[in-house]
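Here the structure comes first, spelled out in structure tokens, and everything after it is commentary.
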Amino acid sequence: MASSSHGSNYDIPWVEKYRPSKVADIVGNPDAVSRLQVIARDGNMPNLILAGPPGTGKTTSILALAHELLGPNSKEAVLELNASDDRGIDVVRNKIKMFAQKKVTLPPGQHKIVILDEADSMTSGAQQALRRTMEIYSNSTRFALACNTSSKIIEPIQSRCAIVRFSRLSDQEILGRLMVVVGAEQVPYVPEGLEAIIFTADGDMRQALNNLQATYSGFHFVNQENVFKVCDQPHPLHVKNMVRQVLEGKFDEACSGLKHLYDLGYSPTDIITTLFRIIKNYDMAEYLKLEFMKETGFAHMRICDGVGSYLQLCGLLAKFALARDTARAA
Amino acid sequence: MILSSDEEDDCDYKPNLHRSYTKKPKSRPFITRTNPRQPKKPRVSGSRSRSSRDSPSLFEVGFPEEDFEELFSGSKVSAGTPWLWFSVRRLLLSSILARVGSGTSNLNELWVDKYKPHSLEELAVHKKKVEEVKSWFEERLKTTKGNLINNVVVINGKAGVGKSTTVHVIASHFGARLCEWNTPTPTIWQEHVHNTNTGIQYTSKLDEFVNFIEKIRKYGLIPSSSFEDAKPSIILLIDDLPMTNGRVAFERLQSCLLHLVRSTQLPTAILVSDYDETDSTDHTAQRLEQLRLSLENAGACKVSFNPITINSIKKTLSRICRQEKCSVTDEQLDLIAKACGGDIRHAITSLQLFCVKPDLVLNGSFSTPSYSYGKEDDIDALVRGISLLFGRDETLSLFHALGKFLHNKRETEVANAITPGDAFLVRDNFSRLSLKMDAPEKILCQAHGQARPVTDFLHENVLDFISDEAMDDAWHVSSYLSDSDLLLSSFRGMLARYNEAENVLQSAAASVAVRGVLYGNSHPSPPRWHAIRKPKLWQVEKSMLHKQKEIVRQRFIAYNGSSSSNVSDVATEYMPVLKWLECRASGFEDNQALVYCNKTHDESCNRMSLDDRESDDDEIEEW
Chain A
1 MASSSHGSNY DIPWVEKYRP SKVADIVGNP DAVSRLQVIA RDGNMPNLIL AGPPGTGKTT
61 SILALAHELL GPNSKEAVLE LNASDDRGID VVRNKIKMFA QKKVTLPPGQ HKIVILDEAD
121 SMTSGAQQAL RRTMEIYSNS TRFALACNTS SKIIEPIQSR CAIVRFSRLS DQEILGRLMV
181 VVGAEQVPYV PEGLEAIIFT ADGDMRQALN NLQATYSGFH FVNQENVFKV CDQPHPLHVK
241 NMVRQVLEGK FDEACSGLKH LYDLGYSPTD IITTLFRIIK NYDMAEYLKL EFMKETGFAH
301 MRICDGVGSY LQLCGLLAKF ALARDTARAA
Chain B
1 MILSSDEEDD CDYKPNLHRS YTKKPKSRPF ITRTNPRQPK KPRVSGSRSR SSRDSPSLFE
61 VGFPEEDFEE LFSGSKVSAG TPWLWFSVRR LLLSSILARV GSGTSNLNEL WVDKYKPHSL
121 EELAVHKKKV EEVKSWFEER LKTTKGNLIN NVVVINGKAG VGKSTTVHVI ASHFGARLCE
181 WNTPTPTIWQ EHVHNTNTGI QYTSKLDEFV NFIEKIRKYG LIPSSSFEDA KPSIILLIDD
241 LPMTNGRVAF ERLQSCLLHL VRSTQLPTAI LVSDYDETDS TDHTAQRLEQ LRLSLENAGA
301 CKVSFNPITI NSIKKTLSRI CRQEKCSVTD EQLDLIAKAC GGDIRHAITS LQLFCVKPDL
361 VLNGSFSTPS YSYGKEDDID ALVRGISLLF GRDETLSLFH ALGKFLHNKR ETEVANAITP
421 GDAFLVRDNF SRLSLKMDAP EKILCQAHGQ ARPVTDFLHE NVLDFISDEA MDDAWHVSSY
481 LSDSDLLLSS FRGMLARYNE AENVLQSAAA SVAVRGVLYG NSHPSPPRWH AIRKPKLWQV
541 EKSMLHKQKE IVRQRFIAYN GSSSSNVSDV ATEYMPVLKW LECRASGFED NQALVYCNKT
601 HDESCNRMSL DDRESDDDEI EEW
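Here it is, written out as structure tokens:
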């Protein structure tokens, strides 16, 4: 341990430690967040559904909103249920209903809040049971549902809620937050290391922070090398080199690069997932990009079918080379 | 009077106690079962525009605001009855006190409640439908009891099209009282233990519902007082059918409702929400449909409500805007109205969220003042901003993205700045001008597009956008689309499960489809307006499934749910025989014909019946 400063907080994941407690601190999705901010100030929250991919701040926004809105009352006036709690019909009817009936003295404009995290994993029966409760108690209790796909919420509930969609965070947004954490924890780093973390996170803030912490506690230094060791992904630079070599016509070198990766023990699925992401962001001719993506997709399908051999990966490179030769100007 | 249901935990029914506030669970209304004289099950909530002159036996606690009446519906005092029931809810009382204290109730309310229509004119539902329901009720309420055979109307429609609101408004229009079935609170385990100790039997909620219906059916609503002269007419509203689990329970519910339809004396409205086809795996939707059909067969009148038109939603929204004094442009209202997919409740909720004006981003993409009409980018940003934020209808943002892909806008000149260093020169026929848009993947992600619908939509519409002579382009595009279809093949039937970015296969398929269209369409037809059509790609499969369900259902009803056999048997033997008989027996009375053909069918398929029995056992879980 470099210092004892983090001794007391050592066991708290950074994801929790640096979870924003104010709506204003939430990163990304400025439109949605600014609205929530006003609601936090003015009260009278409508029933909400927050939908979006994981790690974009849905749960954090609701929790922060609830705390900001209710202040000291938030212990009493917030009921939080997530997928790990039992949420059958009975729980929905009993717990939520009893909570809705509970008397909490609140200033005007404020309501008790029921937070249902991962609401898309609730059975439709349980959601049906929720529907009526929502209506009857709307003058004292409001609902906030977080889910990944809003279409898995039954229509009567969608109809009763305003839907707020969250989208993936951009790399800059994640970087900004990482810098804050890095500064507060005094993590030694090089910029390439953070870049690597952002690459592995793929727009997921939670993943980024977890990777950062894992790298730090494993190696006490964040550079590219360590990040990919910890996250156990094929180094994107290697994969990028492979693609470049294919494009340059150096097929043998590309193959040996692949062999090297394979010998390091990465599974074909890992390699191909990274490969796909590299191709997606690689700057190349439109036709080539399209063909490469298509072939990667097919190879991935074969691998998913169980043919996860080195041969398939080599074949994929060969197909890339073929596509390149077809397209190359004479 | 108050016939209060077991709605609240602290409701209490002690006939001689005025205000007993005990929270002992044993005072829950299961007691009523021990005393058959007390018809306590239903909770009558007074329709809200009724004033005390309609019912001299009632006095209502007068509060200035109308919604208080609703709150107090649970706490009306019935004078002159042997039973005085107070069911003042702590919660309601406290919230009322809070309101009186604060003096303003506006802040507290959802706009959906605040702007609930109070008159027939305010309803956004189509006039014809309202008139239909209204005249139906009028007929029932005017004529003396017992003259009419069917006293039940089944109203169906999607969520949020104003089914219950219509009934409420009509009831208040006629000054009728609305008696509503509200689902009771389920029994908690501790309570159950306590009850068994005190010797009270557990009754399921379905039992309670059935009992309630039975009582209504047999005795009507027992009037609370002896002053009969000014008795208001009563409308029974069943909004929330109890959940049923398994076939037996469902059949009980069904038969109970059938009895109600056949013999009730009160005008009754049963509301059934429709669901989209998407959750066809879900048995509840299927069952509700079945229930609705069998109720209709039993003679219930059927009214289906359509989604509310964009214009009437817009009218309502702009009315609300005027009253709330918030400035929303016409375009924005239009977008909100379009995005809600005919669901007015959702539209109002969205509007409420939209009117939360974020001061911080006033200069942001969709601030009203800086909005100018001419620039396309501004409109783009506006559309995207709103459709990302709001809207049940996910396809709106999807349409936008699709439009971009299909129109395929490109730079007009070769950008010379293609880095000559590692330039990889592509043959002329493979090269394309650079795209005038973000990376397709980014657009897809912003549009929350899923691979399958994107592919289907592109497939359906792309030919319109390819110039008529460009045959080669068409084959390029089709071959890429078929590739992407192959990539998606393992996901068929699990459309909404994965998020678009989670899975390499999904995103590869989406990229191939989109980029294939972009690349392949090298000779786009001159830009003109095209409507984007819904995909017809899987129509055959869908309609086949639908037909199958239909057949099974018909058979199911003909046999009162007793058997269901192989679909192909039904299609090849049962249906033709039935048709043939219909032709022959056209002279008979309907009833006879039906009986007759049922009989013949029984004889004709004795052979099958053995199979039926067997399959019956197997399929119990199915239904």
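Chain order of the listed sequences is A and B. Note that the UniProt record's numbering numbers the first sequence so that position 288 is 288, with each residue one more than the last. Note that the UniProt record's numbering numbers the second sequence so that position 475 is 475, with each residue one more than the last. Note that CB positions come from ideal geometry on N, CA and C, so glycine has one too.
**Message:** In whole angstroms, give me the CA-to-CA distance for VAL33 (chain A) and ALA298 (chain B).
**Reply:** Rounded to the nearest angstrom, the two C-alpha atoms are 53 Å apart.
**Asked** What are the residues of the segment 277-304 of chain A that lie near chain B, defined by any Cβ-Cβ distance shorter than 8 Å?
**Response** Of all residues in the segment 277-304 of chain A, LYS280, MET284, ALA285, GLU286, TYR287, LEU288, LYS289, LEU290, MET293, LYS294, THR296, GLY297, PHE298, HIS300, MET301, CYS304 have a Cβ within less than 8 Å of some Cβ in chain B.
**Request:** Counting only the same chain and skipping the five closest in sequence on each side, list residues whose C-beta sits under 6 Å from that of LEU97 (chain B).
**Result:** Reliability of the predicted coordinates at LEU97 (chain B) is poor, the pLDDT of 39 falling under 50, and the value obtained from them is presented with this limitation in mind. Contacts found: none.
**Message:** Classify MET179 (chain A): buried if its beta carbon has 16 or more other beta carbons within 10 angstroms, exposed otherwise.
**Reply:** If you draw a 10 Å sphere on the C-beta of MET179 (chain A), you find fewer than 16 other C-beta atoms in it, and that means exposed.
**Request:** Determine which residues share a DSSP beta bridge with TRP181 (chain B) and list them.
**Result:** Its beta-bridge partners are B:ILE238.
**Asked** Taking a cut of 7 Å between CB atoms, which residues from the segment 302-331 of chain B lie near chain C?
**Response** In summary, chain C is missing from the structure at hand, where the protein chains are A and B.
**Prompt:** Going by alpha carbons, who is nearest to VAL23 (chain A) out of A:ASP117, A:GLN213, A:GLY57, A:ASP202?
**Reply:** For the set A:ASP117, A:GLN213, A:GLY57, A:ASP202, the Cα lying nearest the Cα of VAL23 (chain A) is the one of A:GLY57.
**Request:** Take LYS325 (chain B) and list the residues in its own chain whose beta-carbon comes closer than 6 Å to its own, dropping the five residues that flank it on each side.
**Result:** None.
**Message:** Just checking: is the beta-carbon of PRO188 (chain A) within a distance shorter than 9 Å of some beta-carbon in chain B?
**Reply:** Not a single C-beta of chain B is nearer than 9 Å to the C-beta of PRO188 (chain A).
**Request:** Use the C-beta contact count for MET471 (chain B): other C-beta atoms within 10 angstroms, 16 or more gives buried, fewer gives exposed.
**Result:** Exposed, by the Cβ-count rule.
**Request:** Throw me the rounded Cβ distance for the SER511 (chain B) and PRO440 (chain B) pair, which I believe falls under 8 Å.
**Result:** The beta carbons of SER511 (chain B) and PRO440 (chain B) sit about 7 Å from each other, so the pair counts as a contact at 8 Å.
**Prompt:** At least one CB of chain B closer than 9 Å to the CB of PRO20 (chain A): is that the case?
**Reply:** Residue-level contact check: PRO20 (chain A) does not touch chain B, since none of the beta carbons of chain B fall below 9 Å from its beta carbon.
**Prompt:** According to the Cβ coordinates, are ASN156 (chain B) and ARG345 (chain B) closer than 9 Å?
**Reply:** Not closer than 9 Å, so no.
**Request:** Could you run through the segment 454-466 of chain B and flag, in chain order, every residue whose CB is less than 7 Å away from some CB of chain A?
**Result:** Listed by position, the residues of the segment 454-466 of chain B near chain A (Cβ gap below 7 Å) amount to none.
**Prompt:** Do the CB positions of ILE270 (chain B) and LEU241 (chain B) come within less than 9 Å of each other?
**Reply:** Using a Cβ distance threshold of 9 Å, ILE270 (chain B) and LEU241 (chain B) count as a contacting pair.
**Chain-order list of residues whose beta-carbon lies under 7 Å from that of MET293 (chain A) (same chain, five-residue window excluded)** = Closer than 7 Å at Cβ, skipping near neighbours: ILE279.
**Request:** Show which residues of chain B have a CB atom less than 9 Å away from the CB atom of VAL26 (chain A).
**Result:** The sequence given here places Ile at residue 26 (chain A); Val does not occur at that position. What ILE26 (chain A) touches in chain B: nothing, since even the nearest Cβ is about 13 Å away.
**Asked** With DSSP run on the structure shown, which of helix, strand or coil describes TYR574 (chain B)?
**Response** Note: TYR574 (chain B) maps to helix in three-state DSSP.
**Request:** Alpha carbon to alpha carbon, how far is ALA144 (chain A) from ALA119 (chain A)? Give it in angstroms, no decimals.
**Result:** Taking the straight line joining both Cα atoms gives about 9 Å.
**Asked** Roughly how many whole angstroms lie between the Cα atoms of VAL133 (chain B) and ALA300 (chain B)?
**Response** So the alpha carbons of these two residues sit roughly 13 Å apart.
**Message:** Assuming the contact rule is C-beta atoms closer than 8 Å, PHE305 (chain B) and VAL125 (chain B) should be a hit. Round their C-beta distance to whole Å, please.
**Reply:** The pair is a contact, with the Cβ atoms about 6 Å apart (cut-off 8 Å).
**Request:** Could you please give the first and the last residue of the uninterrupted alpha helix (DSSP H) stretch that includes THR269 (chain A)?
**Result:** Residues 268-281.
**Request:** Within 10 angstroms of the Cβ of ALA100 (chain A), are there 16 or more other Cβ atoms? Answer buried if so, exposed if not.
**Result:** So ALA100 (chain A) ends up on the buried side.
**Message:** Three Cβ pairs or more, each shorter than 8 Å: is that satisfied between the segment 132-152 of chain A and the segment 44-53 of chain A?
**Reply:** The segment 132-152 of chain A, when compared against the segment 44-53 of chain A, does touch it at the 8 Å Cβ threshold.
**Request:** Anything in chain A within Cβ reach of GLN352 (chain B), meaning under 9 Å, just list it in chain order.
**Result:** Going along chain A in sequence order, the residues near GLN352 (chain B) (Cβ under 9 Å) are ASN44, PRO46, ALA162.
**Message:** Quick check on TRP538 (chain B) - is its C-beta less than 9 Å from some C-beta in chain A?
**Reply:** Not a single C-beta of chain A is nearer than 9 Å to the C-beta of TRP538 (chain B).
**Item:** Where the alpha helix (DSSP H) containing ALA208 (chain A) begins and where it ends
**Value:** Run containing ALA208 (chain A): 205-219, per the alpha helix (DSSP H) assignment.
**Prompt:** For ALA509 (chain B), which option in B:GLN450, B:SER525, B:ARG528 has the closest C-alpha, if you only look at C-alpha atoms?
**Reply:** Ranking B:GLN450, B:SER525, B:ARG528 by Cα distance to ALA509 (chain B) puts B:GLN450 first.
**Asked** Do three or more CB pairs link the segment 179-198 of chain A to the segment 216-226 of chain A at distances below 8 Å?
**Response** Result yes; three or more Cβ-Cβ pairs closer than 8 Å.
**Message:** 9 Å is my cut-off, CB to CB: does LEU313 (chain A) come that close to chain B?
**Reply:** Chain B, which has no Cβ nearer than 9 Å to the Cβ of LEU313 (chain A), makes this no.
**Closest Cα partner of residue 684 (chain B) within the set B:HIS407, B:HIS523, B:GLY160, B:LYS114** = Coverage of chain B is limited to positions 1 through 623, which leaves residue 684 (chain B) absent and any answer about it impossible.
**Asked** Between the Cα of residue 331 (chain A) and the Cα atoms of A:LYS102, A:THR296, A:LEU317, A:HIS220, which residue gives the shortest distance?
**Response** There is no way to answer for residue 331 (chain A), as the model of chain A reaches only from 1 to 330.
**Request:** Drop a sphere of 10 angstroms on the beta-carbon of PRO268 (chain A), count the other beta-carbons inside from all chains shown, and report buried for 16 or more, exposed for fewer.
**Result:** Here PRO268 (chain A) is buried: its Cβ has 16 or more other Cβ atoms, across all protein chains shown, within 10 Å.
**Item:** Proximity of LYS319 (chain A) and GLU286 (chain A) at Cβ, strictly below 9 Å
**Value:** Not closer than 9 Å, so no.
**Item:** Cβ-based burial, CYS340 (chain B) [other Cβ within 10 Å; buried from 16]
**Value:** Burial call: buried.
**Item:** Min CB distance ASN499 (chain B) to chain A below 9 Å
**Value:** For ASN499 (chain B), the predicted model reports a pLDDT of 42, less than 50, meaning its position is unreliable; a value from the coordinates is still stated below. Yes, its Cβ sits closer than 9 Å to a Cβ of chain A.
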